[in-house]
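A quick write-up on the structure given underneath.
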Amino acid sequence: MRKTCVCGKCITRGDLCNICLNIYGANRAEWPEWLKFLVNDMRKELRRERRIDEHEISFTDLGVY
Numbered sequence: 014m015r016k017t018c019v020c021g022k023c024i025t026r027g028d029l030c031n032i033c034l035n036i037y038g039a040n041r042a043e044w045p046e047w048l049k050f051l052v053n054d055m056r057k058e059l060r061r062e063r064r065i066d067e068h069e070i071s072f073t074d075l076g077v078y
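Take a look at the structure:
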């Protein structure tokens with residue numbers, strides 16, 4: 014899964030792209046509630062994907078295929 018900003022732009026680090034960072038700032042306490050919600054939701058989704066990748070057992074590992 015690729016990490017994206019709330020605006021949809023692909024990013025490599027942080028939670029916001031440079032444009033959104035200039036608009037909303039780096040201080041999360043000053044972000045609008047909808048932005049905090051979206052960033053937290055995307056973080057949860059990334060953690061869930063990583064957890065699945067770490068613990069998933071494929072059919073090949075099971076010797077089915």
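Under our numbering, the first residue of the sequence shown is numbered 14, with each subsequent residue one higher. Ideal Cβ placement from N, Cα and C applies to all residues, glycine included.
Beta-bridge pairing of residue i - partner residues as DSSP gives them
i, result
"Thr-17", "Cys-23"
Cβ pair residue i, residue j closer than 8 Å
i, j, result
"Cys-81", "Cys-18", "Within the shown structure, residues of the chain are numbered from 14 to 78, placing residue 81 beyond reach of any answer."
"Lys-49", "Arg-60", "no"
"Trp-44", "Tyr-37", "yes"
Residue interval of the alpha helix (DSSP H) (run including residue i)
i, result
"Leu-59", "46-68"
"Leu-75", "72-75"
"Cys-33", "31-37"
Presumed contact (8 Å Cβ cut-off) between residue i and residue j, rounded CB distance
i, j, result
"Val-52", "Asp-28", "5 Å"
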